[in-house]
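Engineer: I'd like to ask you about the structure that follows.
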Amino acid sequence: MIDKINIGGHIWGIAFDAKRANAAEYQGVVVYRDMTIYLDDTLCRGRINIILWHEIIHVILYQAGLQEVKNHEQLADALSHGIDQVLRDNPWLTDMEKE
Ligand SMILES: [Zn+2]
């Protein structure tokens, strides 16, 4: 199972820990101090992908110094669903380096 992800040149951990991920009734959470994204491993794969993208977007905004952006959660939700759909429906986007 994947346990690391490079986001903007920084290596973040990915931990599948339902208890920690659900701590505040979320299905995933970023713990910035630990540089770790916690995900609920009891979810289906599709839902995990969306939640992972949601947390990645939080990390991108955090690393860009944009923690104060308004409607952070709405932005992360909209982009996570949008990115997941575009990548799913356009697999050539992730195959570009193979060409
Ligand atoms: Zn969030």
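Residue -12 is where the sequence shown starts when you use the working numbering, and the numbers rise one by one after that.
Glycine is no exception: its CB is placed at the ideal position from the N, C-alpha and C atoms.
With DSSP as the reference, label residue 38 as helix, strand or coil.
Structural biologist: Helix at residue 38.
Engineer: Just jot down, in chain order, the residues whose CB lies closer than 6 Å to any heavy atom of ligand 1.
Structural biologist: Working through the chain, the matches are 41, 45, 60, 63.
Engineer: Given 8 Å as the limit, is there contact between the stretch 23 to 32 and the stretch -8 to 2, that is, 3 or more CB pairs closer than that?
Structural biologist: Short answer: they touch.
Engineer: Helix, strand or coil, according to DSSP, for residue 2 in the structure here?
Structural biologist: Residue state, collapsed to three classes: strand.
Engineer: Span of the alpha helix (DSSP H) holding residue 81?
Structural biologist: Residue 81 -> alpha helix (DSSP H) spans 79 to 82.
Engineer: Inspect the beta-carbon positions of residue 49 and residue 16 and report whether they are closer than 9 Å.
Structural biologist: No; because the gap between Cβ atoms is not below 9 Å, this pair is not in contact.
Engineer: Can you tell me the Cβ-Cβ gap for residue 71 and residue 36, rounded? I've got them flagged as a contact below 8 Å.
Structural biologist: Residue 71 to residue 36, Cβ: 6 Å. Contact.
Engineer: Can you tell me where the alpha helix (DSSP H) with residue 16 in it begins and where it stops?
Structural biologist: Premise fails: residue 16 lies in the beta strand (DSSP E), 15 to 18, not in any alpha helix (DSSP H).
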